[in-house]
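Colleague:
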Amino acid sequence: MPSAPDMRKIFARRKAGAVMRYLACTLAIVFLAGAALRSEAGKPAAGVVDVNLVFEKSAKWQDMEKVLEARRASYQQEIDALAQEVEKLRDALEKSAAGSAEFIRLQAELIKKEAYLGSTSQQYDLELGRADAANYDGFTAELDAAIADLARDAGLGLVIQRTLETSEGEWRSVLYADQSADLTARVIERLNAKHTREKK
Numbered sequence: 000m001p002s003a004p005d006m007r008k009i010f011a012r013r014k015a016g017a018v019m020r021y022l023a024c025t026l027a028i029v030f031l032a033g034a035a036l037r038s039e040a041g042k043p044a045a046g047v048v049d050v051n052l053v054f055e056k057s058a059k060w061q062d063m064e065k066v067l068e069a070r071r072a073s074y075q076q077e078i079d080a081l082a083q084e085v086e087k088l089r090d091a092l093e094k095s096a097a098g099s100a101e102f103i104r105l106q107a108e109l110i111k112k113e114a115y116l117g118s119t120s121q122q123y124d125l126e127l128g129r130a131d132a133a134n135y136d137g138f139t140a141e142l143d144a145a146i147a148d149l150a151r152d153a154g155l156g157l158v159i160q161r162t163l164e165t166s167e168g169e170w171r172s173v174l175y176a177d178q179s180a181d182l183t184a185r186v187i188e189r190l191n192a193k194h195t196r197e198k199k
């Protein structure tokens, strides 16, 4: 029997491109606006943020991930239990006499249970995908706002992403940035402070 649908694998594939989607527009902005930037009174004309690190260190994102992971694990338990029921029905069907009333009953029950397993798995995958997208959109909106506030405070005309992650590994979108241009730690601090206030 094929293994039960693994919600973890499905969910992981869905999340694999999440940060890349957020960062794709950043490079376009760099190429379009970069040439027009000029330094202001010794300040960097542009700042950099390691968005991957922000996601990793953000208390809010971690909390959101924990809630979603718990939900995913609960769904997976249900899927596994249904798959076991399907397997038991298959075993019972194989042991029953073909054409008998018991065989016909088990066959009908198996068809119904397999259909329910498939529809439930699809429903849970859809729910998790929507929840993941809502989390991602909500968090990146806060991230954008935090970066914009810090950039205005620092007099920066542009903030770009330090690194991008691809399926082949990591490649850099910023080859050099003065330490004073790196807003990553301040972005993390601001987001975590906001999350702490919201939890009170």
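The sequence shown finishes on residue 199 if you use numbering that gives the first Met the number 0, and the numbering steps up by one all the way, no holes. Note that the Cβ used here is the ideal one computed from N, Cα and C, for glycine as well. As the structure is a computational prediction, the values presented were derived from the model and not from experiment.
List in chain order: all unbroken beta strand (DSSP E) runs of 3+ residues lying wholly within the region 38-91.
Modeller: Entirely contained in the region 38-91, the beta strand (DSSP E) runs reaching 3 residues are, in chain order, 45-48.
Colleague: For G156 and L149, I'd like the C-alpha separation in whole angstroms.
Modeller: As a working mapping, residue 156 is identified with position 157 in the sequence shown. As a working mapping, residue 149 is identified with position 150 in the sequence shown. Each residue's alpha carbon lies about 11 Å from the other.
Colleague: In this structure, how does DSSP classify L155 when only helix, strand and coil are distinguished?
Modeller: If you number the sequence shown from 1, residue 155 lands on position 156. Coil at L155, not helix or strand.
Colleague: With a threshold of 16 other CB atoms inside 10 Å of the CB of Q76, please say whether the residue is buried or exposed.
Modeller: Looking up residue 76 in the sequence shown gives position 77. By the neighbour-count rule (16 or more Cβ atoms within 10 Å), Q76 is not buried but exposed.
Colleague: In the DSSP assignment, find the unbroken alpha helix (DSSP H) run with R189 in it and report its ends.
Modeller: For the purposes of this step, residue 189 is taken as residue 190 along the sequence shown, with counting starting at 1. Taken as a continuous stretch (DSSP letters only), the alpha helix (DSSP H) holding R189 covers 183-198.
Colleague: What do you get for T195, buried or exposed, if any count of 16 or more other CB atoms within 10 angstroms of its CB means buried?
Modeller: Sequence index remark: in the sequence shown, residue 195 carries index 196 (1-based). Label assigned to T195: exposed.
Colleague: Looking only at its own chain, which residues have a Cβ that is under 6 Å from the Cβ of L142, when we skip the five neighbours before and after it?
Modeller: As a position in the sequence shown, residue 142 is number 143, starting the count at 1. Excluding residues within five positions, none has a Cβ falling inside 6 Å.
Colleague: State buried or exposed for Q160, treating a residue as buried only when at least 16 other CB atoms are found within 10 Å of its CB.
Modeller: By one-based count along the sequence shown, residue 160 stands at place 161. That one is buried.
Colleague: Among the candidates A100, D79, K111, whose CA atom is the shortest distance from the CA of S120?
Modeller: Indexing the sequence shown from 1 puts residue 120 at position 121. Cα-wise, what sits closest to S120 is D79.
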